[in-house]
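Visitor: Protein chains in written order, with our numbering: chain A, 3 to 86; chain B, -19 to 72. C-beta: ideal position from N, C-alpha, C; glycine also. As the structure is a computational prediction, the values presented were derived from the model and not from experiment.
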Amino acid sequence: QATATDQVVGFGLVAFSLVLFVYYTLWIIILPFIDSNHGIHRYFLPREYAVIIPVVAGLLLVLFIGVFIMVVMWKSRKPAKKSD
Amino acid sequence: MTKLGQWLCGLALLGSAWAALALAPPGLRLPAPYRQALLPLPVYLLVAFGCYSLATVGYRLATFNDCEEAAAELQEHISAARADLRRRGLRF
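1. Contact between the segment 17 to 34 of chain B and the segment -7 to 5 of chain B: three or more CB pairs below 8 Å?
2. Across the segment 37 to 50 of chain B and the segment 33 to 42 of chain A, are there enough close Cβ pairs to call them in contact, namely three or more that are closer than 8 Å?
3. Taking only three categories from DSSP, how would you classify Q9(A)?
4. Measuring CB to CB, does P56(A) end up less than 8 Å from L41(B)?
5. Rounded to the nearest angstrom, what separates L20(A) and Y32(B) at their Cα positions?
6. Are the beta-carbon atoms belonging to A6(A) and N45(B) less than 8 Å from one another?
7. In whole angstroms, what is the alpha-carbon distance linking F13(A) and P6(B)?
8. Take the Cβ of V10(A) as the centre, count every other Cβ of all protein chains shown within 10 Å, and call the residue buried at 16 or more, exposed below.
9. Got a sec: which bits of the segment 5 to 17 of chain B sit with their beta carbon under 9 Å from any beta carbon on chain A, in order along the chain?
10. Roughly how many angstroms lie between the CA atoms of V16(A) and A63(B), to the nearest whole one?
11. Please classify Y26(A) as buried or exposed, where buried requires at least 16 neighbouring CB atoms within 10 angstroms.
12. How close, in whole Å, do the beta carbons of A17(B) and I30(A) come, if the pair is a contact with beta carbons under 8 Å?
13. F44(B) versus chain A: which residues are under 7 Å apart at the beta carbon?
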């Protein structure tokens, strides 16, 4: 059964991904069709960042996963060596 | 065709269509707003897929539940297997 913490975290993840999706869709798909001196452009970074930020975030994520797996494997190998 | 082959085929089709439009040969030049929306489209699709995955994980986490029917079914299978093994003379 999902506890209250699980529900908060789960619906938080859903809300975060929905907000991210709506904002990114506005940024990438809608914004080029809006006049460039419209006030809405103040709420968005320049367009280059729409590609740079996801790429950097993806690289950081892959790096984090790699370091995590490395640490876990390294930790789990030490006791096995001792028992040999 | 395997599932992997289907996915690779679809991705190759989409990718070549995107490349054909993004490289912009003289006959296929789109108006500027469409080009601006088109160029980051692969990254956009990737981000959309990431959002969908994150939302699925979050939703499943929030509505996680005990599977009582499946537990009963599994117990039934276990007792059936025990009875069968005992019938064949296995002691445990």
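Guide: The structure says:
1. yes
2. No, the segment 37 to 50 of chain B is not in contact with the segment 33 to 42 of chain A.
3. In the first sequence, the residue the question calls residue 9(A) occupies position 7. The answer is helix: DSSP assigns Q9(A) an H, G or I state.
4. Here the question's residue 56(A) lines up with position 54 in the first sequence. Here the question's residue 41(B) lines up with position 61 in the second sequence. Not a contact, by the Cβ cut-off of 8 Å.
5. On the first sequence, residue 20(A) is found 18 positions in, with the first residue counted as 1. On the second sequence, residue 32(B) is found 52 positions in, with the first residue counted as 1. Computed Cα separation, rounded: 8 Å.
6. Working through the first sequence from its first residue, we reach residue 6(A) at position 4. Working through the second sequence from its first residue, we reach residue 45(B) at position 65. Contact flag unset, no.
7. Position 11 of the first sequence, counted from the start, is the residue given in the question as residue 13(A). Position 26 of the second sequence, counted from the start, is the residue given in the question as residue 6(B). If I take the Cα positions, the gap works out to 48 Å.
8. By one-based count along the first sequence, residue 10(A) stands at place 8. The residue in question, V10(A), is exposed, as its Cβ has fewer than 16 Cβ neighbours within 10 Å.
9. A12, P13, Y14, R15, Q16 and A17
10. Here residue 16(A) is taken as the residue at index 14 of the first sequence, counted from 1. Here residue 63(B) is taken as the residue at index 83 of the second sequence, counted from 1. Rounded to the nearest angstrom, the two C-alpha atoms are 46 Å apart.
11. Within the first sequence, numbered from 1, the residue matching residue 26(A) stands at position 24. Classification for Y26(A): buried.
12. Here residue 17(B) is taken as the residue at index 37 of the second sequence, counted from 1. Here residue 30(A) is taken as the residue at index 28 of the first sequence, counted from 1. The pair is a contact, with the Cβ atoms about 6 Å apart (cut-off 8 Å).
13. On the second sequence, position 64 is the one that residue 44(B) refers to. In chain order: A4 and D8.
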